[in-house]
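Asker: Position in the sequence shown (first residue = 1) + 813 = our numbering.
Let me begin by handing over the structure; questions about it come next.
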Amino acid sequence: FLLGNFFFQTFILYMIAQEEQVMDKFAGEMNLCNFGADIQKCPDGPNCIGPSGTNYQNAGRMYDYASWTTRTYVRDSLKVLFPHKADEIQELIDPGEYGLENYYVRIVCVFIFMMSVLSDLRSTIDMGYILWYVPTESQPWIEYKVPNFAPKEKVKEVFDKGEVDFVSFRIAGMPVHWKLINFIIIICPKIFIWKKTAKYGVMFLMETAGIENVIVNVTALTFILNLDEMLFQNFQHKALHHILAHLEPWLIENTDEDEQFSVEKNFNAVVEQNKGAMFTFGLIPMRPVYTLVFSALFIAEYYHCMCQFSETGGLVSKPQALPTEQIYPLMAFVFPWYNTEYAEEYYWTPPK
């Protein structure tokens, strides 16, 4: 199950990277960045110059990449077929420009996507806590508990129980070598998948121009995070489902000392601790804060790697060159410091 889950999730993420880093470039596409993000301020505002070097003027000249390239191809084909009318065709046929329909819906969708991504990260951190806090010694995880208040056969008859109902499952200690094995084959791959999902998921959303498309894409990306649960529900043995359903709860902190005090004493202790304070940071829900921080970090990474400042203001795509390989190198996908080779000549440069 672990190998299958790691393979499927990594394969899907690798295909997204293949699309963004290789196939889009062979299609002649540049990075979206902030092309047309300030369409309401055009023609004199920032981000008002499209990839082909003309001013957006208004939203009527903005198209998605497929429509824009098709319209441009038709215009250029007519110029080749009728060279004596090239100037007239150039003047009368307007292919428009490729640009972003709405800047803010893209940012909101990244925030929504990051909420689901951080939930997966939190579950991975909880698994790390368990490995850290469980005793580093061999302890039984399965116990056979026979009731002592009545004969076993009587209990089975009265409560309609079977032998399996007397078996309890709990989280207990494990030797250090088993902790290392679990960390290497479970925690590390989950962190790797989380990082790649966040990086290429944000890149995929930031490269989506249409309002409807970016909303649909943010729901589709959550499928990658839920893939492990789907595989578990459909392919794991029913015995494992039974074990997890009957696993006893496990607490990291020892609450025996706190339970010695009454509810009133605990309440008074909290009031005394925060006495005189009009505001405490404990009142701030931290998950939205973490979501904002990670969203900003991955958006900043996208702009840093894909975009540059334009001479006319705003952020535009960096110059684009074709990769020398038609398959995205696996080393480049795994290791961020691996340099992908590109052709010396650019097929697209920012308009001046």
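Every residue gets a Cβ at the ideal spot worked out from N, C-alpha and C, and that includes glycine.
Which residues mark the beginning and the end of the beta strand (DSSP E) in which serine 932 is found?
Answerer: No beta strand (DSSP E) contains serine 932, which is instead part of the alpha helix (DSSP H) from 916 to 946.
Asker: Which whole-angstrom value describes the C-beta separation of phenylalanine 1045 and asparagine 1030, a residue pair presumed to lie in contact below a C-beta threshold of 8 angstroms?
Answerer: Rounded, the Cβ-Cβ distance is 25 angstroms, inconsistent with contact.
Asker: Less than 8 angstroms between the C-beta atoms of tyrosine 1013 and alanine 830, yes or no?
Answerer: It is a contact, given that the beta carbons lie within the stated cut-off.
Asker: Pick helix, strand or coil for tyrosine 868, following the three-state DSSP scheme.
Answerer: Contrary to the premise, residue 868 reads as asparagine rather than tyrosine in this sequence. If DSSP states are grouped into helix, strand and coil, asparagine 868 belongs with the strands.
Asker: Give the C-beta separation of leucine 1135 and tyrosine 1116 to the nearest angstrom, bearing in mind that I take them to be a contact with Cβ-Cβ under 8 angstroms.
Answerer: No, leucine 1135 and tyrosine 1116 are not in contact; Cβ-Cβ is about 23 angstroms, not under 8 angstroms.
Asker: CA-CA distance, methionine 927 and alanine 1011?
Answerer: 7 angstroms
Asker: Tell me the DSSP secondary structure of methionine 828 in three-state form.
Answerer: helix
Asker: Under 8 angstroms, do tyrosine 916 and phenylalanine 848 count as touching if we go by C-beta distance?
Answerer: Pairing tyrosine 916 with phenylalanine 848 gives a Cβ-Cβ distance that is not under 8 angstroms.
Asker: Please report the straight-line C-alpha distance between lysine 974 and lysine 965, rounded to a whole angstrom.
Answerer: 10 angstroms
Asker: I'd like the span of the beta strand (DSSP E) that includes tyrosine 957, first residue to last.
Answerer: 955 to 957
Asker: Please go through the same chain and pick out, in chain order, the residues whose beta-carbon is closer than 6 angstroms to the beta-carbon of tyrosine 878, but skip the five residues on each side of it.
Answerer: Glu842 and Tyr911
Asker: Can you give me the start and stop residues for the alpha helix (DSSP H) that tyrosine 1103 sits inside?
Answerer: 1099 to 1119
Asker: Among Gln834, Leu944, Arg983 and Glu1025, which has the Cα closest to the Cα of tryptophan 991?
Answerer: Leu944
Asker: With a threshold of 7 angstroms on Cβ separation, who are the neighbours of threonine 823 within its own chain once the five nearest residues in sequence on each side are excluded?
Answerer: Ile1006
Asker: So, glycine 909 versus arginine 888, is the Cβ gap smaller than 8 angstroms?
Answerer: With respect to arginine 888, glycine 909 sits apart: the two C-beta atoms are not nearer than 8 angstroms.
Asker: Can you round the beta-carbon distance between tyrosine 1151 and threonine 1137 to whole angstroms, since I take them to be within the 8 angstroms contact cut?
Answerer: The Cβ separation is near 14 angstroms, so there is no contact.
Asker: DSSP three-state label for glutamate 910, please.
Answerer: strand
Asker: Return the residue from the list Glu1020, Val1015 and Gln1049 that minimises the CA-CA distance to leucine 1034.
Answerer: Val1015
Asker: Please go through the segment 860 to 905 and give each complete alpha helix (DSSP H) segment of 4 or more residues, from N-terminal end onward.
Answerer: The qualifying runs are 878 to 894 and 899 to 905.
Asker: Per DSSP, what kind of secondary structure is alanine 1033 in: helix, strand or coil?
Answerer: helix
Asker: How is alanine 1134 classed by DSSP in three states: helix, strand or coil?
Answerer: strand
Asker: Looking at the secondary structure, which residues open and close the beta strand (DSSP E) in which tryptophan 1161 lies?
Answerer: 1155 to 1161
Asker: For the beta strand (DSSP E) that contains phenylalanine 982, what are its first and last residues?
Answerer: That run of the beta strand (DSSP E) goes 980 to 982.
Asker: Could you check the C-alpha separation between serine 1130 and leucine 1040 for me, to the nearest Å?
Answerer: 33 angstroms
Asker: Below 8 angstroms, can you find three or more Cβ-Cβ pairs linking the segment 854 to 873 to the segment 918 to 932?
Answerer: Verdict: no, contact absent.
Asker: Span of the alpha helix (DSSP H) holding glutamate 842?
Answerer: Where glutamate 842 is concerned, there is no enclosing alpha helix (DSSP H), given that its DSSP letter is neither H nor E.
Asker: Give the range of the alpha helix (DSSP H) segment to which alanine 850 is assigned.
Answerer: Note, alanine 850: premise wrong, no alpha helix (DSSP H); not H, not E.
Asker: Across which residues does DSSP place leucine 1128 in a beta bridge pair?
Answerer: Phe1122.
Asker: Quick one: is glutamine 1049 buried, meaning 16 or more other Cβ sit within 10 Å of its Cβ, or exposed?
Answerer: exposed
Asker: Relative to the C-alpha of proline 948, which candidate in Pro988, Gly873, Met875 and Thr1125 has its C-alpha closest?
Answerer: Pro988
Asker: Do isoleucine 902 and valine 913 count as a contact pair if the criterion is CB distance below 8 angstroms?
Answerer: A quick correction: the sequence has leucine, not valine, at residue 913. No, Cβ-Cβ distance for leucine 913 and isoleucine 902 is not below 8 angstroms.
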